[in-house]
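Residues in the sequence shown are numbered consecutively from 9, following this note's numbering. Here a beta-carbon is modelled for each residue, glycine too, at the ideal position from N, C-alpha and C. Here's the structure we're looking at; comments come further down.
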Amino acid sequence: LRGRDIKKYNAQFADQWIINAHNGIRERKIPPVDVKQDYPAVYDHLSKYEDALSKRLDKGQHWSNLRNCAYLENFESEKIVWIELTDQPNFALDKSAFYLNNTIFFMTGDHLKYLLAFLNSRLCEWYFDKIAATSGAGTRRWIKMYIDQICIPFPDKEIESKITGMVDLLNESFDMKLYKSLDNEIYDIFKLSSEEIDLLINASL
């Protein structure tokens with residue numbers, strides 16, 4: 009996935025592929041990719057640049073392999089993905105084990121759909137506007153150090169089930185009416201008053 013492929017509640021694969029010439033995972037007894045044997049045409053092409061590739065510091069056991077990656081397997085887990093530079097929260101759930109380019113952040117773990125609802129909410133957008141730095145062009149930077157500051161309550165099972173169901177529908181097809189209803193659920197969790205909700209809705213972000 010590329011940054012441009014990610015929208016709110018939607019990560020659209022654009023038929024862009026990579027060859028993951030990883031260096032293996034010793035603890036899991038996963039061997040490095042044998043580029044020469046498995047991808048001979050790619051190996052022949054890379055061989056033209058063998059001298060330069062052999063000198064790089066971030067190579068694997070063989071010059072055709074990538075360096076070690078401690079979170080390699082996380083790419084193939086269900087995960088929330090988002091881009092760094094955007095004025096609005098654009099978080100999506102990837103259940104297809106996509107690999108990501110370097111313009112995309114991701115998180116794995118529990119309660120992902122519940123978290124996704126909060127991260128894409130108007131409340132989160134308002135809060136992020138108060139804590140995050142912007143780029144030189146004035147666009148918000150949705151990077152880890154700011155994401156870590158977002159306060160999300162631990163879920164009540166009944167509420168999480170309701171929110172998860174709404175997120176499932178939004179993942180299938182984005183609907184603005186449903187999106188606003190989900191925002192209202194989040195306002196209720198934080199027990200916001202009608203005045204506070206009006207402030208959020210009418211804020212210039």
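- Between I171 and Y135, the CB-CB gap reaches or exceeds 8 Å.
- When DSSP states are grouped into helix, strand and coil, R10 belongs to the coil group.
- CA-CA distance, L65 to D52, rounds to 22 Å.
- In the three-state reduction of the DSSP assignment, F99 falls in the strand class.
- Burial check for D46: the Cβ neighbour count within 10 Å stays below 16, so the residue is exposed.
- L190 sits in a helix when the DSSP states are folded into three classes.
- Residues of the same chain with a CB within less than 7 Å of the CB of K103, apart from the 5 flanking positions on each side, are E86 in chain order.
- Counting along the chain, the unbroken beta strand (DSSP E) around F114 starts and ends at I112 to M115.
- DSSP assignment within the stretch 112-167 yields the following whole alpha helix (DSSP H) runs of 4 residues or more, N-terminal first: 120-127, 130-139 and 152-155.
- Between Y107 and S202, the alpha-carbon positions lie close to 42 Å from each other.
- A Cβ-Cβ contact shorter than 8 Å links H30 with N73.
- Assigned with DSSP and collapsed to three states, N210 falls in helix.
- By the CB criterion at 8 Å, V89 and F114 fall inside the cutoff.
- In terms of Cα proximity to G117, the closest of Q96, D95, Y79 and N98 is Y79.
- The three-state reading of DSSP puts N28 in coil, since its state is none of H, G, I, E or B.
- In the DSSP assignment, W90 is bridged to F99 and F113.
- The beta carbon of K15 sits closer than 6 Å to those of N98, all from its chain and outside the five residues before and after it, given in chain order.
- The Cβ-Cβ distance between P163 and H119 falls below 8 Å.
- Residue burial is scored here from C-beta neighbours: N109 has fewer than 16 other C-beta atoms within 10 angstroms and is therefore classed as exposed.
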